[in-house]
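Numbering-wise (my numbering), the sequence shown opens with residue -5 and increments by one.
Backbone N, C-alpha and C define an ideal beta-carbon position, used for all residues, glycine too.
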Amino acid sequence: MQPDPSPYDALLLVSFGGPEKPEDVVPFLENVTRGRGIPRERLEEVGEHYFLFGGRSPINDQNREFLAALREDLAGNGIDIPVYWGNRNWDPYLKDTVRQMAADGVTRAACFMTSAYASYSGCRQYRENLAAAVEGVEGAPRLDKLRHYFNHPGFVDAMVDATLSALADLRDSEREGAHLVFVTHSIPEAMDASSGPQGNAYVAQHRSLADAIVERVRLETGHRHAADLVFCSRSGAPHIPWLEPDVNDHLEVLSRRGGPAVVLVPIGFVSDHMEVVYDLDTEAAATAEKLGLTFVRAATAGIDPRYVAVVRDLLLERAAVERGEEVARAAEGSLPACWDACPAGCCPNPRGDKPALAGA
Ligand SMILES: CC1=C(CCC(=O)O)c2cc3nc(cc4[nH]c(cc5[nH]c(cc1n2)c(C)c5CCC(=O)O)c(CCC(=O)O)c4C)C(CCC(=O)O)=C3C
Ligand SMILES: [Fe+2]
-5 MQPDPSPYDA LLLVSFGGPE KPEDVVPFLE NVTRGRGIPR ERLEEVGEHY FLFGGRSPIN
55 DQNREFLAAL REDLAGNGID IPVYWGNRNW DPYLKDTVRQ MAADGVTRAA CFMTSAYASY
115 SGCRQYRENL AAAVEGVEGA PRLDKLRHYF NHPGFVDAMV DATLSALADL RDSEREGAHL
175 VFVTHSIPEA MDASSGPQGN AYVAQHRSLA DAIVERVRLE TGHRHAADLV FCSRSGAPHI
235 PWLEPDVNDH LEVLSRRGGP AVVLVPIGFV SDHMEVVYDL DTEAAATAEK LGLTFVRAAT
295 AGIDPRYVAV VRDLLLERAA VERGEEVARA AEGSLPACWD ACPAGCCPNP RGDKPALAGA
C-alpha cells in the first residue's frame, strides 16, 4: 500500500536563512535583530564571523542539500508531493514561497522546521512567521507545523552515531575518560522559563536527548561517559541573564579539573550553521587548544538519511492524525512525543502577543 500524505498536498521546509555574499550580511543582521535590543558591538562582532567566511553562511546550501535528500526520500517511498522551502530572515523568504504555493494550487501543507526544540525563537517565532507569510495572500494554503523532533528515534540515531564516530577519532588512551559536552544555542533564561506548555521545555528537551545519547553510547561501548549540557552564541544585553555555562568557560573548568579529552556534541544545531563553524569549530576549538585539551566536534545531523526520514515519518504520522486515525508516535528517552498544535500560552513572545499559525 502506498503511504498516504492526504490531507496534505505539499510539504514546506521552514528555516532561518542566511547571507550568501558580503553585501547580504548587514541587511540579514538587520532582518534578524529588528526591534530586539541587540547591542551594536555584538552585531559588529557577529558580522565579522560572517565576513571571515566570505560573507556566506553555510545554512542555505545545507538546506538545498537537505531538500534534495528529502525529495529523494519521499519519491523513493512512493510519496508524490511537492516540497517547498521558505526562510524567516533571507531569500527565499516565506512570503514569496507561500505566494508560489498559492499560485501552484496548494491547499494544505505540513511544515517542517529546522529547529528541533521548543522556545520562542525556535518555535513560536516561526509560527508567527507563518502567520505573516499567509497574511494578504489570496488562496494561501493552510499551514500545519509538524511536532518537535528532538526525541524522534531517527534524529537520536543520527546524533548517537555522530557521537560514536567522534569518540572513535580519539586516541585509545583518551577515549574512556572523554567528556561528552553537549552544546546548544543559549537563550535568555526567561525564554527557557516560558518555553513549552509547562515552561523550561527548552532545557528539559536538550537534557532528555543528551541523556538518551549517553545511554545509547553506554550500550554500544560499555562505558558511561561523563556529560554536561552547555551553551554557545550568547547575545543580548549583558544585564539580561542567558543560559550558562558558556562552552568556553566550561572548557576552562574541565581543564582545571584535570583536562579530559572533550567530545563536543552540537545537539542544538541540525546542520553546520555559522554558530557551529564559528562559535564551536573556530572559537571553542581555539579555547581548547590554548588549554591543551584534546577536542573533537561531533557531526551535526545534516543529511543523515535517518534524520531526513524523520520528515517523512512526521508527515505521515500527522496526516493520519488529521484523517482521524490512531497513530503510534515514535519517541526515545525520558520525554513523550511532543504535541502537534502548541497550546495558547506556549513559548510566548516576550514583546507581546502576535498572530501565529499552527496553534491549538
Ligand atoms: C534558539 C535559537 C536558535 C535555534 C533554533 C533555530 O534554528 O531557529 C537559533 C538559530 C539560529 N540563529 C542564527 C543567527 C542569529 N541568531 C541571532 C540572535 C539570536 N538567536 C537566538 C536564538 C536562537 N537562534 C536569540 C534568542 C537571539 C537574540 C535575538 C532574538 O531574540 O532574536 C543573530 C543576531 C546576532 C546575535 O545576536 O548573535 C544571528 C545572526 C542562525 C543562522 C546561522 C547561520 O547563518 O548559519 C540560526 C540557525
Ligand atoms: Fe540565533
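TODO: Locate the alpha helix (DSSP H) running through G148, then write down its first and last residues.
DONE: By 1-based counting over the sequence shown, the position of residue 148 is 154. Per DSSP, the unbroken alpha helix (DSSP H) holding G148 starts and ends at P147 to A162.
Task: Distance, S265 Cα to I73 Cα - done: Along the sequence shown, one-based indexing puts residue 73 at 79. Along the sequence shown, one-based indexing puts residue 265 at 271. Near 25 Å, if we compare the C-alpha coordinates of S265 and I73.
Task: Any non-hydrogen atom of ligand 1 closer than 7 Å to G230 Cβ - done: Taking the sequence shown and counting its residues from 1, one reaches residue 230 at position 236. Taking 7 Å as the cut-off, the C-beta of G230 counts as close to a heavy atom of ligand 1.
Task: N57 beta carbon less than 8 Å from that of S109 - done: What you label residue 109 is simply residue 115 of the sequence shown in a count that begins at 1. What you label residue 57 is simply residue 63 of the sequence shown in a count that begins at 1. No; because the gap between Cβ atoms is not below 8 Å, this pair is not in contact.
Open item on the list: Are there any heavy atoms of ligand 2 lying less than 7 Å away from the beta-carbon of H179, as far as the coordinates show?
Closed with: One-based indexing of the sequence shown puts residue 179 at position 185. Yes, since a heavy atom of ligand 2 falls inside the 7 Å radius drawn around the Cβ of H179.
Open item on the list: What ranges does the beta strand (DSSP E) occupy inside the stretch 81 to 159, keeping only unbroken runs of at least 3 residues that lie completely in it?
Closed with: Those beta strand (DSSP E) runs which fall completely within the stretch 81 to 159 and span 3+ residues are 102 to 107 and 136 to 139.
- [ ] Using 7 Å as the cut-off, classify the Cβ of L124 as near or not near the heavy atoms of ligand 1, replying yes or no.
- [x] If you number the sequence shown from 1, residue 124 lands on position 130. Outside the cutoff, so no.
TODO: With a cut-off of 8 Å on the beta carbons, I'd call V290 and A152 a contact; round off their distance for me.
DONE: On the sequence shown, position 296 is the one that residue 290 refers to. On the sequence shown, position 158 is the one that residue 152 refers to. By a beta-carbon distance limit of 8 Å, V290 does not contact A152. Their separation comes to about 17 Å.
Task: Proximity test, E269 beta-carbon vs ligand 1 heavy atom, cut-off 7 Å - done: Numbered from 1 along the sequence shown, position 275 holds the residue referred to as residue 269. Result yes, Cβ under 7 Å from ligand 1.
Task: For S0, the three-state DSSP class (helix, strand or coil) - done: Taking the sequence shown and counting its residues from 1, the one referred to as residue 0 is at position 6. It is coil, neither helix nor strand.
- [ ] Kindly indicate the opening and closing residues of the alpha helix (DSSP H) around F10.
- [x] Here residue 10 corresponds to residue number 16 of the sequence shown, with the count starting at 1. Taken as a continuous stretch (DSSP letters only), F10 belongs to no alpha helix (DSSP H), as it is neither H nor E.
- [ ] Classify T27 as helix, strand or coil using the three-state DSSP reduction.
- [x] Looking up residue 27 in the sequence shown gives position 33. The answer is helix: DSSP assigns T27 an H, G or I state.
TODO: Please name the residue in V208, A280 and Y111 whose C-alpha comes closest to that of A331.
DONE: As a first step, residue 331 must be located in the sequence shown, where it is residue number 337. Nearest C-alpha to A331: Y111.
Task: R212 - containing alpha helix (DSSP H), residue span - done: Mapped onto the sequence shown, residue 212 falls at position 218. Following the DSSP letters along the chain, one finds R212 inside the alpha helix (DSSP H) bounded by residues A195 to T215.
Task: T281: first and last residue of the uninterrupted alpha helix (DSSP H) it sits in - done: Numbered from its first residue, the sequence shown carries residue 281 at position 287. That run of the alpha helix (DSSP H) goes A279 to L285.
- [ ] Per DSSP, which residues does W79 bridge with? Please list them.
- [x] The count along the sequence shown starts at 1 and reaches residue 79 at position 85. DSSP lists L7 as partners of W79.
Task: Given 8 Å, three or more beta-carbon pairs between the stretch 202 to 216 and the stretch 264 to 280 - done: Flag = no, the stretch 202 to 216 and the stretch 264 to 280 do not touch.
- [ ] Check T178 in the structure and name its three-state DSSP category.
- [x] Taking the first residue of the sequence shown as position 1, residue 178 is located at position 184. Reduced to three states, the DSSP call for T178 is strand.
Open item on the list: Once DSSP output is grouped into helix, strand and coil, what is the label at L61?
Closed with: On the sequence shown, position 67 is the one that residue 61 refers to. Three-state result, L61: helix.
Open item on the list: Just to confirm, is the Cβ distance from W425 to S188 under 8 Å?
Closed with: For the chain, the structure presents residues -5 to 354; residue 425 sits outside this window and is missing.
Task: When F225, S227, E209 and R228 are compared against H219, the one with the closest alpha-carbon - done: The residue labelled residue 219 in the question sits at position 225 within the sequence shown. With respect to the C-alpha of H219, the residue from F225, S227, E209 and R228 having the closest C-alpha is E209.
Task: Proximity of V177 and L274 at Cβ, strictly below 8 Å - done: Reading the sequence shown from its first residue, position 183 is the one you call residue 177. Reading the sequence shown from its first residue, position 280 is the one you call residue 274. Contact flag set, yes.
Task: Residue interval of the beta strand (DSSP E) (run including L248) - done: Within the sequence shown, numbered from 1, the residue matching residue 248 stands at position 254. Here L248 belongs to no beta strand (DSSP E); instead the alpha helix (DSSP H) covers V241 to R250.
- [ ] Report the residue ranges of all alpha helix (DSSP H) runs contained in full by the stretch 294 to 327; include only those spanning at least 4 residues, in chain order.
- [x] If only complete runs of 4 or more residues are kept, the stretch 294 to 327 shows the alpha helix (DSSP H) at 299 to 316, in order along the chain.
Open item on the list: Are the CB atoms of N242 and E277 within a distance shorter than 8 Å?
Closed with: Numbered from 1 along the sequence shown, position 283 holds the residue referred to as residue 277. Numbered from 1 along the sequence shown, position 248 holds the residue referred to as residue 242. Yes, the pair counts as a contact, with Cβ atoms nearer than the cut-off.
Task: V259, DSSP secondary structure in three states - done: Your numbering for residue 259 matches position 265 in the sequence shown. The answer is strand: DSSP assigns V259 an E or B state.
TODO: Can you give me the Cβ contacts of L351 inside the same chain, cut-off strictly under 6 Å, excluding the 5 residues immediately before and after it?
DONE: As a position in the sequence shown, residue 351 is number 357, starting the count at 1. Contacts found: R121, L124, A125 and L137.
Task: Proximity below 8 Å, CB of H146 to CB of A324 - done: For this step, residue 146 is matched to residue 152 along the sequence shown. For this step, residue 324 is matched to residue 330 along the sequence shown. With contacts defined as CB atoms closer than 8 Å, H146 and A324 qualify as a contacting pair.
Task: Three-way DSSP call (helix, strand, coil) for N329 in this model - done: For the purposes of this step, residue 329 is taken as the residue at position 335 of the sequence shown. In the sequence as displayed, the identity of residue 329 is Leu instead of Asn. Reduced to three states, the DSSP call for L329 is coil.
Open item on the list: Between which two residues does the alpha helix (DSSP H) holding D222 run?
Closed with: Taking the first residue of the sequence shown as position 1, residue 222 is located at position 228. It is not in any alpha helix (DSSP H) - D222 instead sits in the beta strand (DSSP E) that spans A221 to C226.
Task: Run of the alpha helix (DSSP H) containing V270, from where it starts to where it stops - done: Sequence index remark: in the sequence shown, residue 270 carries index 276 (1-based). First-last for V270: undefined, no H or E at that position.
TODO: From the DSSP output, in three-state form, read off V19 for me.
DONE: Residue numbering aside, residue 19 sits at position 25 when the sequence shown is read from its first letter. V19 falls in the helix class under three-state DSSP.
Task: Three-way DSSP call (helix, strand, coil) for H233 in this model - done: The residue given as residue 233 occupies position 239 in the sequence shown. Coil.
Open item on the list: If contact is defined by three or more beta carbon pairs under 8 Å, each pair taking one atom from either stretch, is the stretch -1 to 19 in contact with the stretch 305 to 316?
Closed with: Taking a contact to require three or more Cβ pairs closer than 8 Å, the stretch 305 to 316 and the stretch -1 to 19 qualify as touching.
Open item on the list: Considering only heavy atoms of ligand 1, does any lie closer than 7 Å to the CB of R36?
Closed with: Looking up residue 36 in the sequence shown gives position 42. Set against 7 Å, the gap from the CB of R36 to the closest heavy atom of ligand 1 is smaller.
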